Structure formats: C-alpha cells, structure tokens
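Reading the sequence shown from the start, the letters are residues 947 to 1226 in my numbering. One structure below.
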Amino acid sequence: MYVGKNYIIIIFEGDFYVSFLSYYVNFLLFIEVVSLKKLNQAVKSIKRAAHITVFTGAGISVESGIPPFRGENGLWQKYDPYFLNIEYFINNPKKSWRLNKKIFYDLLENRKPNNAHKVIAGMEKQGLIKAVITQNIDNLHQKAGSKNVYEFHGTYKELKCMKCGKIIEYKKELLKSLPPICNQCGDLLKPNYIFFGEGIPQKAYSSSVKETEKSDLFIVIGTTGEVQPASLIPFMAHKKGATIIEINIKSSNFTSQITDIFLNGKASKVLKQIYEKLNS
Ligand SMILES: [Zn+2]
947 MYVGKNYIII
957 IFEGDFYVSF
967 LSYYVNFLLF
977 IEVVSLKKLN
987 QAVKSIKRAA
997 HITVFTGAGI
1007 SVESGIPPFR
1017 GENGLWQKYD
1027 PYFLNIEYFI
1037 NNPKKSWRLN
1047 KKIFYDLLEN
1057 RKPNNAHKVI
1067 AGMEKQGLIK
1077 AVITQNIDNL
1087 HQKAGSKNVY
1097 EFHGTYKELK
1107 CMKCGKIIEY
1117 KKELLKSLPP
1127 ICNQCGDLLK
1137 PNYIFFGEGI
1147 PQKAYSSSVK
1157 ETEKSDLFIV
1167 IGTTGEVQPA
1177 SLIPFMAHKK
1187 GATIIEINIK
1197 SSNFTSQITD
1207 IFLNGKASKV
1217 LKQIYEKLNS
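Put into structure tokens, the structure is as follows:
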C-alpha cells in the first residue's frame, strides 16, 4: 500500500491527491484492524464456549469446485431444476436420473474437501466442535474427517428404495443402467437427498434442532439463509441465546438480524486464521 502511495504522489504532485490517498490508506488499515479485532473476538468466544455447532451451506464447498445452486454462476443459472421435482421423478425416473447423474453424481464423487472442511474436522477432533449441520449433499465434511454430521437435505452417497425404504450406499456401478433398481424388492431407487415436494429427513431435522438448542456458540458458514426451513436453524440458536459467528463472502439474511461477529471472507481463509490462533 505504501508503494502505491508514493507512486501516486510522483504522478500528481498535488496536495489534494496526497491527502486523499493517505485518507484511503488509513481507511484500508482501519478495515484490517477491525477484522483482526473481530477475529480475536471470535477466537475468544470459541475458547470460552461449551457447546459449539457449525452450520454450513453451499459456500463452503465452492472452493472444492462445487458450484452453488443460487446466485451468479449457480447451477440454476445453467439448469432448470424441474428434474428435482418429486412428481417428475416418479413419472420420469430415467430422465430425472440421467440429469441427477450428470449434474450431481459425476461431479461429486471426485471432489475433495478443502481447508475449511479440514479445519472443522480438526476442531471436532480437539473437542471444540460438537456437531456439524450441513445443507450440502456432497459428503465433504465426512471426507474431511468430521464424525457428528447432520445432513439436513440428505446425501448423494446413498440411494433409497421408493417402496421398501432400503438404503444402499452409492457405487458407480449402480448407475450404469438407469434408473437403478432395489435389489431387495425391485422397485425404483432415488438419490437420498430431498427433492422439491419432499420434507426434511426426520432424524436429521430432530437431531439438528437438538444440537442447536444445546449450543452456546453457533458458527454459520457459507450460506445466505435463503432456503427454508434450513435457514430457520440459526435463528433458533439465536433465540436460545447462542452467540452467532458468521463467515461469509458477503452479508446475508443473518448478518443484520442475528449475527454477533461477522467475519467477512472465504471460509477456508478465515477458518485457517482461526485455527492458527487457537493452536498458537
Ligand atoms: Zn426395495
């Protein structure tokens, strides 16, 4: 920044530009100090907390090469999500499966967890984080080593029989011929993530609520809070008196309403900073 300041002084040689620029430089330094202060505040809260739950959304997996659903460059800019309608799936299983395979299975099976997933798993191992509630279906928290994960919208890693309810772990061979069929009753298998028109998986929902109610610190990461009922979970935590830390690249529906400490930035970068401070 100092180099930039000199550079401009040489070009303009004017007092106005000098004072404008030093004002600007001071402003940038001020922002840095503020975010450092917030980071320290967050670390202090984490050290003090008895029950920390993490709540994640699509934003945490973007750095693993998985596009979010909404927003610029989101999946719904490219694809019409009609194939995720449960009625459509029941009536057109082969067509729906073809798109589910192309858009989700082919993409997700090779994705790797990034530093954000890894730090969360590391903090669970240290006993700092008790549970992860995720809206993602990508299995990356588990791949990173997290154990206590509640998948609010289900997972791509399992297929579920529409008739007998048998759950089968996903393997590439299962999708060689579409649609896949249950080996127990011969009925249709469906990805075990929720489609439009379906409810939240009962166990994931009740466990998420239970963890949320126990939390005195709740960390919201990479989610804009646009999808209900998932977005109600952080509000529930706030209502129960938990401190809310939010890590997002821009402010969300939570920021002005319930967030106590807003850490602006990419999840992997911010979490790495937190982890280093916790372990220094
Ligand atoms: Zn079956």
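All residues carry an ideal CB built from backbone N, CA and C; glycine is no exception. On a predicted model such as this, the values are computed, not experimentally measured, just so you know.
> If you count every other CB in all the chains shown that lies within 10 Å of the CB of Tyr1116, and 16 or more means buried, which is it?
Replying inline: buried
>> Given this structure, state the Cα-to-Cα distance separating Lys1040 from His997, to the nearest angstrom.
In response: 45 angstroms
>> Using C-beta distances below 8 angstroms, list every residue in its chain close to Cys1131, excluding the 5 sequence neighbours before and after it, in chain order.
In response: Cys1107, Lys1109, Cys1110, Lys1112
>> One question on the structure: do Ile1006 and Gly1211 come within less than 8 angstroms of each other, judged by their Cβ atoms?
In response: no
> Just how far apart, CA to CA, sit Lys889 and Val1000?
Replying inline: Residue numbering for the chain in the displayed model covers 947 to 1226; residue 889 lies beyond these limits and cannot be assessed.
> Alpha carbon to alpha carbon, what distance is there between Ala1077 and Leu897?
Replying inline: Residue 897 is absent from the model: the chain starts at 947 and stops at 1226.
>> Please list the terminal residues of the continuous beta strand (DSSP E) segment that includes Gly1111.
In response: Neither: Gly1111 is in no beta strand (DSSP E) and is coded neither H nor E.
> So the alpha helix (DSSP H) Asn1046 belongs to, where does it begin and stop?
Replying inline: 1039 to 1046
>> Shorter than 7 angstroms, the distance from the beta carbon of Lys1109 to the closest heavy atom of ligand 1, or not?
In response: yes
> Where does Ile1079 fall in DSSP's three states?
Replying inline: strand
> CB-CB under 8 angstroms to Ile1127, same chain, minus the five flanking residues each way: which ones, in chain order?
Replying inline: Asp1133, Leu1134, Leu1135
> What residues match up with Leu1135 in a beta bridge as DSSP calls it?
Replying inline: Cys1107
>> To the nearest angstrom, how far is the alpha carbon of Leu982 from that of Leu1021?
In response: 34 angstroms
> Cβ of Asp1162 versus every heavy atom of ligand 1: is any distance shorter than 7 angstroms?
Replying inline: no
> For ligand 1, any of its heavy atoms closer than 7 angstroms to the Cβ of Lys1136?
Replying inline: no
> Taking the continuous alpha helix (DSSP H) assigned at Thr1158, which residues delimit it?
Replying inline: 1148 to 1160
>> Let me check you understand the geometry: is the CB of Gln1130 closer than 7 angstroms to at least one non-hydrogen atom of ligand 1?
In response: yes
>> Given 7 angstroms as the limit, tell me if Asp1133 has its C-beta closer than that to any heavy atom belonging to ligand 1.
In response: yes
> What three-state label does DSSP hand Asn986 in the structure shown?
Replying inline: helix
>> Under 7 angstroms: does the beta carbon of Lys1112 sit that close to some heavy atom of ligand 1?
In response: yes
> Distance, Cα to Cα, Leu1054 vs Ser1123?
Replying inline: 19 angstroms
>> At the level of alpha carbons, what is the spacing between Asn1225 and Asn1082?
In response: 28 angstroms
> Excluding five sequence neighbours on each side, which residues of the same chain lie with their C-beta closer than 7 angstroms to the C-beta of Ser1177?
Replying inline: Gly1171, Asn1199
> Which residue from Val1155, Arg1057, Ala1150, Pro1175 puts its Cα closest to that of Ser1010?
Replying inline: Arg1057
> Given 8 angstroms as the limit, is there contact between the stretch 1184 to 1197 and the stretch 1148 to 1167, that is, 3 or more CB pairs closer than that?
Replying inline: yes
> Any chance the stretch 1026 to 1037 sits against the stretch 1134 to 1153, with 3 or more Cβ pairs inside 8 angstroms?
Replying inline: yes
>> In the DSSP output, what is Gly1100 paired with across the bridge?
In response: Tyr1139
>> My assumption, with CB atoms under 8 angstroms, is that Asn1060 sits in contact with Ser1214. Please give the rounded CB distance.
In response: 5 angstroms
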